[in-house]
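S.K.: Quick note on the numbering used here: the sequence shown kicks off at 5 and runs consecutively.
Glycine included, C-beta positions come from ideal geometry on N, C-alpha and C.
Have a look at this one before I ask anything.
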Amino acid sequence: DQLPYSIRVLLESVVRNCDGFQIKSEDIENVAQWKKTSQDGVEIRFKPARVVLQDFTGVPAVVDFAAMRDAVKALGGDPEKINPVCPVDLVIDHSVQVDFNRRYASVVTVNQCVPNWHLDTTFLYKVNFPLTQLHKLKFKAEHHISYWQIPVTYRSLVPCCLHTAIPPFTLTLHVNGPCFFSHFFSKQICFAHFKWGARAFQNMLIVPPGSGIVHQVNLEYLSRVVFDENHWLFPDSLVGTDSHTTMINGLGVLGWGVGGIEAEAVMLGQAISMVLPKVVGYKLTGVINPLATSTDVVLTITKNLRQMGVVGKFVEFFGPGVASLSIADRATISNMCPEYGATVGFFPVDNQSLEYLTQTARDKQKIKRVEKYLKTVGLFRDYSNENQDPHFSEVAELDLGSIVPSLSGPKRPHDRVAVKAMKEDFTQCLTNKVGFKGFGIPADKLSSSVKFAYDGKEYTMSHGSVVIAAITSCTNTSNPTVMLGAGMLARNAVQAGLTVPSYVKTSLSPGSGVVTYYLKDSGVLSFLEQLGFNVVGFGCMTCIGNSGPLPEEVDKAISDGDLVACGVLSGNRNFEGRIHSSTRANYLASPMLVVAYALAGTVMIDFEKEPIGEFDYDGKSVFLRDIWPTRLDIQETEKKCVLPNMFKEVYSKIQEGNDQWKSLNAPSSILYPWNPESTYVQSPPFFKDMTIDLQSFKKIEDAHALLFLGDSVTTDHISPAGSISRSCAAARYLVKRGLKPRNFNSYGSRRGNDAVMARGTFANIRLKNKLVGHEAPKTIHIPTGEELDVFDAAMRYKDEGTQLIVVAGKDYGSGSSRDWAAKGPWMLGVRAVLAESYERIHRSNLIGMGIVPLQFLEGENADTYKLDGKEKFTVNLPDHVEPGMTIDITTSCGKKINCKVRFDTDVELTYFKHGGILNYMIRNIV
5 DQLPYSIRVL LESVVRNCDG FQIKSEDIEN VAQWKKTSQD GVEIRFKPAR
55 VVLQDFTGVP AVVDFAAMRD AVKALGGDPE KINPVCPVDL VIDHSVQVDF
105 NRRYASVVTV NQCVPNWHLD TTFLYKVNFP LTQLHKLKFK AEHHISYWQI
155 PVTYRSLVPC CLHTAIPPFT LTLHVNGPCF FSHFFSKQIC FAHFKWGARA
205 FQNMLIVPPG SGIVHQVNLE YLSRVVFDEN HWLFPDSLVG TDSHTTMING
255 LGVLGWGVGG IEAEAVMLGQ AISMVLPKVV GYKLTGVINP LATSTDVVLT
305 ITKNLRQMGV VGKFVEFFGP GVASLSIADR ATISNMCPEY GATVGFFPVD
355 NQSLEYLTQT ARDKQKIKRV EKYLKTVGLF RDYSNENQDP HFSEVAELDL
405 GSIVPSLSGP KRPHDRVAVK AMKEDFTQCL TNKVGFKGFG IPADKLSSSV
455 KFAYDGKEYT MSHGSVVIAA ITSCTNTSNP TVMLGAGMLA RNAVQAGLTV
505 PSYVKTSLSP GSGVVTYYLK DSGVLSFLEQ LGFNVVGFGC MTCIGNSGPL
555 PEEVDKAISD GDLVACGVLS GNRNFEGRIH SSTRANYLAS PMLVVAYALA
605 GTVMIDFEKE PIGEFDYDGK SVFLRDIWPT RLDIQETEKK CVLPNMFKEV
655 YSKIQEGNDQ WKSLNAPSSI LYPWNPESTY VQSPPFFKDM TIDLQSFKKI
705 EDAHALLFLG DSVTTDHISP AGSISRSCAA ARYLVKRGLK PRNFNSYGSR
755 RGNDAVMARG TFANIRLKNK LVGHEAPKTI HIPTGEELDV FDAAMRYKDE
805 GTQLIVVAGK DYGSGSSRDW AAKGPWMLGV RAVLAESYER IHRSNLIGMG
855 IVPLQFLEGE NADTYKLDGK EKFTVNLPDH VEPGMTIDIT TSCGKKINCK
905 VRFDTDVELT YFKHGGILNY MIRNIV
């Protein structure tokens with residue numbers, strides 16, 4: 005009864021899965037004695053009930069499985085044994101990009117022949133126009149063209165002439181609708197690969213594109229809460245290949261993000277090796293301030309827990325304040341768990357959870373079974389009953405009544421700023437030296453401004469101008485309270501005569517179709533649209549970096565004035581270079597504040613003292629407080645408009661997909677038929693020349709530092725997901741394959757192609773490599789002193805037979821869970837990383853690819869040893885290495901660096917010896 009509820013879930017799992025091999029009786033004893041063993045760093049093995057994937061990480065997972073089948077066959081084994089043994093839910097959500105927003109008409113002239121095109125470079129993307137915006141269409145052509153047999157709405161657009169040249173013609177496109185999925189046809193090979201996976205592999209459910217965001221779909225539809233399998237009841241639990249898998253903890257389902265490589269092992273039946281975590285109890289009291297939102301709560305919690313230090317720990321919420329939070333509120337708090345650094349932010353199941361299951365149209369009998377089971381096994385909570393409060397490793401407390409409206413930024417999610425201090429804080433950031441809270445703008449440039457014309461009007465842009473305002477991300481779009489609040493604020497603003505400047509790229513990308521139902525039903529969607537917040541699709545979009553292009557006039561004005569332009573989004577990540585290359589400052593905010601700052605057109609405003617609009621219809625100044633809806637009004641609207649039948653209607657059809665998905669052909673073979681012409685999906689080289697016998701470890705001697713990095717290098721820096729620059733190594737590869745720049749798409753969409761991803765490794769334009777001395781995706785080839793793209797330098801080192809390492813600072817690999825942030829360095833020849841500290845998932849991924857994670861001893865770093873990154877490094881790793889042991893690195897300058905080997909468990913060490921976790925799995929299966 006004293007165990008934290010999250011630990012009870014682990015205990016149930018180890019008891020049920022104890023087989024004396026993967027999970028042993030000692031694991032049961034260790035979890036049962038959590039109060040003692042959690043202090044000792046004891047290792048346990050845990051088998052989650054299921055795995056959740058999104059498409060950016062799902063593509064490489066399915067590609068890896070296909071390649072593993074090839075490898076098993078080549079080694080004489082049965083390829084069908086490569087098959088998920090636990091349920092896998094894959095939601096295609098990250099592929100949607102905001103190429104078009106608002107509503108307009110356009111004429112496109114195709115003034116050159118299109119020779120010998122194929123699925124990778126379709127005609128639709130040649131003219132750069134999204135398929136599903138074409139509700140009204142006029143087609144003019146002087147030449148006869150035949151068409152694919154696809155739905156009538158699109159039939160007059162897609163020629164079937166895959167092997168003939170098409171003469172010039174003109175399309176007049178009358179756009180009258182949102183961009184739901186602008187790249188469907190350019191990504192057909194990726195999606196066909198998914199469809200093949202759904203057929204070829206057992207236990208794999210795929211939610212087609214355009215359905216929503218993985219974590220919101222998981223919350224509203226996929227989550228079981230309690231599994232009912234072969235007459236056994238047990239708690240739902242999961243791991244996912246996205247950091248924000250933690251969102252499901254708001255419903256009382258234990259789950260967290262892991263590397264894609266580790267998730268693939270779980271899919272194949274392997275237990276996760278983990279250090280039994282300490283559990284921080286976070287006590288909530290009071291109720292949320294009427295002017296504040298759940299977004300403000302989570303931004304406050306994020307800052308508090310970051311300062312407290314909860315990396316590697318579970319956080320479990322308790323106290324009477326929890327009962328006042330809806331499941332959507334709790335899910336918002338759990339969603340940003342990676343930003344405050346914990347493994348999970350857990351809310352045990354209570355009556356609110358059951359009410360949510362009813363609201364989202366779950367089966368009534370199943371809900372009764374969930375309640376009875378959880379109460380029987382001691383996993384059901386009454387937050388008002390202090391006698392149910394468990395023992396925690398440590399406790400923190402927050403009065404919800406103390407929360408004030410807030411944003412976070414300009415470069416990190418945990419740098420919270422109160423709205424009332426926003427103008428002052430941003431002004432200070434402008435002059436601060438370049439860093440997380442500084443842009444280094446000289447005093448004589450603070451008043452810089454640029455006049456420009458757009459959409460027939462004259463505008464002036466200056467520091468702090470808002471150019472992107474996006475209501476996006478599962479963090480907030482899963483919460484009806486803040487979404488309806490944004491709609492009601494938009495209604496009040498329109499009725500007061502306010503507008504958003506037309507150059508501001510506004511967008512609304514909900515996490516599921518349910519959102520549009522209740523926004524329409526409440527009558528507020530039309531007001532959002534009048535301010536430019538049209539539904540552009542159902543997916544992560546701006547939050548993942550798929551913000552799409554800004555108008556050329558806006559980009560030019562920012563560049564000409566060297567302005568610090570801003571993005572404001574209701575997302576969970578705002579690292580440098582992630583949202584858009586032209587927005588140096590990006591702030592996370594509630595959907596309501598996104599609307600407010602879009603209306604203001606700048607973050608340089610004090611809403612308490614300055615009007616958001618100069619005049620309303622009566623000629624009076626309008627302040628934000630005049631149009632801000634009350635929390636009571638929002639909650640009353642929510643009760644009337646968020647109904648179970650909406651969820652039932654949306655999710656009863658979710659697995660069917662749209663007409664394009666239904667008509668998409670996919671192979672049905674056991675082995676995947678790789679297409680050598682594809683620039684999206686290729687067989688990776690991870691298992692090339694693999695043998696059944698274990699190979700000896702090749703020592704790391706006289707290695708050069710490929711990069712010499714500082715603190716907080718994120719997975720976005722290591723393996724960006726956004727647009728492919730025209731001047732980078734990946735672009736040169738794609739051009740050589742016959743693609744035009746407009747067809748490059750994003751790194752995220754090409755994660756099934758190792759050639760693109762290797763060239764995209766460390767290709768972030770905001771990369772700060774100390775060897776170079778300036779911000780650029782470059783490094784120095786040390787023997788010659790030549791500045792090169794990172795990929796080109798790595799290939800030169802490879803040709804010379806030189807081994808490579810990376811030297812970094814604190815929190816290396818923070819940010820999104822991204823397996824290519826480990827696969828990419830492996831393909832560049834990186835054998836080890838030496839850092840001050842690591843993000844949990846990324847360290848695991850490095851081991852999963854056979855890269856050695858080395859860590860400076862406490863209080864030491866590169867400066868301690870006066871390293872400049874130009875030394876040669878020899879890693880003295882013994883033949884019989886043990887988890888957590890201290891070794892030394894010697895340099896060509898005669899320095900001796902003491903460091904810790906970050907293999908934290910015996911299992912991690914086993915994976916490394918096999919050259920990675922997937923190699924280990926292949927050998928076991930064969």
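Please classify Q206 as buried or exposed, where buried requires at least 16 neighbouring CB atoms within 10 angstroms.
M.R.: exposed
S.K.: What's the call for H785, buried or exposed, on a 16-neighbour Cβ count within 10 Å?
M.R.: buried
S.K.: Considering just the uninterrupted stretch of the alpha helix (DSSP H) at E343, what are its terminal residues?
M.R.: C341 to Y344
S.K.: For the alpha helix (DSSP H) containing A78, name the first residue and the last one.
M.R.: D59 to A78
S.K.: How far does the beta strand (DSSP E) with W38 in it reach, from first residue to last?
M.R.: Taken as a continuous stretch (DSSP letters only), W38 belongs to no beta strand (DSSP E), being part of the alpha helix (DSSP H) at W38 to T41.
S.K.: Which two residues bound the contiguous beta strand (DSSP E) that contains N590?
M.R.: A589 to L592
S.K.: Within 10 angstroms of its Cβ, does N120 collect 16 or more other Cβ (buried), or is it exposed?
M.R.: Here the model assigns N120 a pLDDT of 34, short of 50, so the residue's position is not dependable, and the following value carries that caveat. Exposed: under 16 other Cβ atoms inside 10 Å.
S.K.: From the DSSP secondary-structure annotation, give me the bridge partner or partners of D793.
M.R.: BP columns for D793 point to K782.
S.K.: Give every residue of the same chain whose Cβ lies closer than 7 Å to the Cβ of K781, excluding the five residues on either side of it in the sequence, and list them in chain order.
M.R.: In the sequence as presented, Lys is not what sits at residue 781; that position holds Pro. Closer than 7 Å at the Cβ level, and outside the excluded window around P781, lie C732, F766, A767, N768, I769, L771, D793 and V794.
S.K.: If we count the other Cβ atoms within 10 Å of its Cβ and call it buried at 16 or more, is C897 buried or exposed?
M.R.: exposed
S.K.: If you measure between the beta carbons of G345 and R373, is that distance less than 8 Å?
M.R.: no
S.K.: Would you call the CB atoms of T481 and G515 closer than 8 Å?
M.R.: yes
S.K.: Using three-state DSSP, classify V504 as helix, strand or coil.
M.R.: coil
S.K.: Are three or more beta carbon pairs between the segment 449 to 465 and the segment 548 to 562 nearer than 8 Å?
M.R.: yes
S.K.: Would you identify the three-state DSSP class for N679, choosing helix, strand or coil?
M.R.: coil
S.K.: Name the residue from S682, L14 and A204 whose alpha carbon lies nearest to the alpha carbon of E84.
M.R.: Ranking the options by Cα distance to E84, first place goes to A204.
S.K.: Within 8 Å, do at least three Cβ pairs link the segment 841 to 849 to the segment 815 to 829?
M.R.: yes
S.K.: To the nearest angstrom, report how far apart D910 and P88 are at their CA atoms.
M.R.: 24 Å
S.K.: Have a look at P887 and S716 and give me their C-alpha separation to the nearest angstrom.
M.R.: 25 Å
S.K.: Excluding five sequence neighbours on each side, which residues of the same chain lie with their C-beta closer than 7 Å to the C-beta of V834?
M.R.: Once the five neighbours on either side are set aside, the close Cβ partners of V834 are L710, L808, I809, V810 and I855.
S.K.: DSSP has V470 in a bridge; who is on the other side?
M.R.: C570
S.K.: Which same chain residues end up closer than 6 Å to E533 when comparing Cβ atoms and leaving out the 5 residues on each side of it in sequence?
M.R.: none
S.K.: Helix, strand or coil for D706 per DSSP?
M.R.: strand
S.K.: In three-state DSSP terms, what is P239?
M.R.: Correct three-state label for P239: strand.
S.K.: Take every Cβ of the segment 564 to 578, pair it with every Cβ of the segment 270 to 290, and state whether three or more of those distances are shorter than 8 Å.
M.R.: no
S.K.: Only counting the same chain, and skipping five residues up and downstream in sequence, which positions put a Cβ closer than 6 Å to that of G290?
M.R.: G325, D403, L404 and G405
S.K.: By DSSP, does I210 sit in helix, in strand, or in coil?
M.R.: strand
S.K.: Note down, in chain order, each residue of its chain lying with its Cβ closer than 7 Å to the Cβ of S935, except the 5 sequence neighbours on either side.
M.R.: Outside the modelled stretch of the chain, which goes from 5 to 930, sits residue 935, for which no answer is possible.
S.K.: Tell me the rounded alpha-carbon separation between V114 and K441.
M.R.: Residue confidence for V114 is low, a pLDDT of 34 falling below 50, so the modelled location carries little weight and cannot support an answer.
S.K.: Just how far apart, CA to CA, sit D240 and L7?
M.R.: Answer to the nearest angstrom: the Cα atoms are 18 Å apart.
S.K.: If you draw a straight line from the alpha carbon of R36 to that of K917, how long is it in whole angstroms?
M.R.: It should be pointed out that residue 36 corresponds to Ala in this sequence rather than to Arg. Taking the straight line joining both Cα atoms gives about 31 Å.
S.K.: Under the three-state reduction of DSSP, which class applies to K934: helix, strand or coil?
M.R.: Only positions 5 to 930 of the chain appear in this structure, which leaves residue 934 out of reach.
S.K.: Please report the residue range of the alpha helix (DSSP H) in which K644 lies.
M.R.: R635 to C645
S.K.: Please state whether DSSP places N34 in a helix, a strand or coil.
M.R.: N34: helix per DSSP, three-state reduction.
S.K.: Starting from V654, follow the beta strand (DSSP E) in both directions and report where the run begins and ends.
M.R.: Note, V654: premise wrong, no beta strand (DSSP E); alpha helix (DSSP H) at P648 to Y655.
S.K.: Return the CA-CA distance between V230 and M925, expressed in angstroms with no decimal places.
M.R.: 29 Å
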